[in-house]
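Enquirer: Here's a structure for you.
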Amino acid sequence: MISKQKASNYDVVLCIDISRKHRPHNLFWASLGYFNDRHAPQNSTKLSQRPVDMLYQSSNCDARREQFAETVRRVFEAEKLRFEYSGKCTAGSSRRQFKLPEYKAELSTKLMISMSREQTSDSEALDEKLLLPIIHGAALPLYKGTGSRLAKELGYPMDAIINRANYASDGEAAKAAAKLAKDPKELDKRQRQVTGFKEPVGSVEGQAYVKRHNFSFPTKQVQVRVSNNRQHPIFLKHLTFLFEGRYTFTWGARADVLIDQCCW
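Counting from 1, position 41 in the sequence shown corresponds to residue 282 in the numbering used here; the numbering is continuous, with no gaps.
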């Protein structure tokens, strides 16, 4: 989320967090792509066969996050369902699951709370939180975030999960998740939909913008330089997608393309 004045310094701006209003015309949402090569384990057990009904994994114990997770816990426990936590945040639970090693499959849980870092209603953001349940054994997400539209554009099966945005309150979303946890046939059906998702890397809107403005290079071999020398592979992937594969992008000193960025 940057100002129009700042965005005007660049040909194309890619962000993981974009404003719903007053968005610069050359700014587009783009995936970080960190999870592009990580998918559900091939040997994922059926959700209906797993002992844990809901897992809460977080070490950022923000009061709003904890409140949502605690609402879910209370509903699940009232329905005699098993709620566990992993990480520093407990949501009031006394049942601790072993901490999950990063990206290692965890095949014990049916559903997993997936809360985006960004919760403000005036922005759209889609981070890795929606994909974490897939990696951790292909659990179904109970998703709370602002990235629903973006996820649909990526082809993510939002109808297969419990999306807080579709319910009037946290409690209603928690009740829907609890009902799903008790439905073996529906759990396994939705699991198949979610595990079929493969995250693409690239901004479709940005690609159309580049094509419309006829950005081009005199040679097929295009050298790329990054302002802080962090040569993350995702940059070249985004460039390849933006230009629809018409050019070969490589790191170089000539700087046919100069990428100015802060954190990636």
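Where is the CB? At the ideal position from N, CA and C, for every residue including glycine.
Within the same chain, show all residues whose beta-carbon is closer than 8 Å to that of R306, passing over the 5 residues directly before and after it, in chain order.
Expert: Excluding residues within five positions, the ones whose Cβ falls inside 8 Å are S299, C330 and M356.
Enquirer: Output the residue ranges of the alpha helix (DSSP H) runs that lie fully inside the stretch 428–452 and measure 4 residues or longer, sorted by chain position.
Expert: If we require 4 residues or more, the stretch 428–452 turns out to have no alpha helix (DSSP H) run fully inside it.
Enquirer: Let me know the secondary structure DSSP gives E394 once reduced to three states.
Expert: Helix, per DSSP.
Enquirer: On the criterion of 16 or more Cβ atoms from any shown chain inside 10 Å, does C256 qualify as buried, or is it exposed?
Expert: That one is buried.
Enquirer: What does the Cβ neighbour count give for Q432, buried or exposed, with the cut at 16 atoms within 10 Å?
Expert: Its Cβ being crowded by 16 or more others within 10 Å, Q432 is buried.
Enquirer: Ordered along the chain, which non-local residues of its own chain (more than five positions away) have a Cβ less than 7 Å from that of K452?
Expert: If we look at K452 and ignore the five residues flanking it on each side, it has no Cβ neighbours.
Enquirer: Tell whether a beta-carbon distance below 7 Å holds between S289 and P425.
Expert: Closer than 7 Å, so yes.
Enquirer: For the candidate residues Q462, Y408, P282 and E311, whose alpha-carbon lies nearest to that of K439?
Expert: For K439, the nearest C-alpha among the options comes from P282.
Enquirer: Just reading off the beta strand (DSSP E) that L383 is part of, what are its end residues?
Expert: Counting along the chain, the beta strand (DSSP E) containing L383 begins and ends at L381 to K385.
Enquirer: On the premise that A415 lies in contact with T510, defined as a C-beta separation below 8 Å, what is that separation, rounded to the nearest angstrom?
Expert: The displayed coordinates of the chain run from 242 to 505. Any statement about residue 510 would go beyond what the structure contains.
Enquirer: Kindly list the residues whose CB is nearer than 7 Å to the CB of E427, restricted to its own chain and excluding five residues on each side of it in sequence; keep chain order.
Expert: Cβ neighbours of E427 beyond the five flanking positions: L421.
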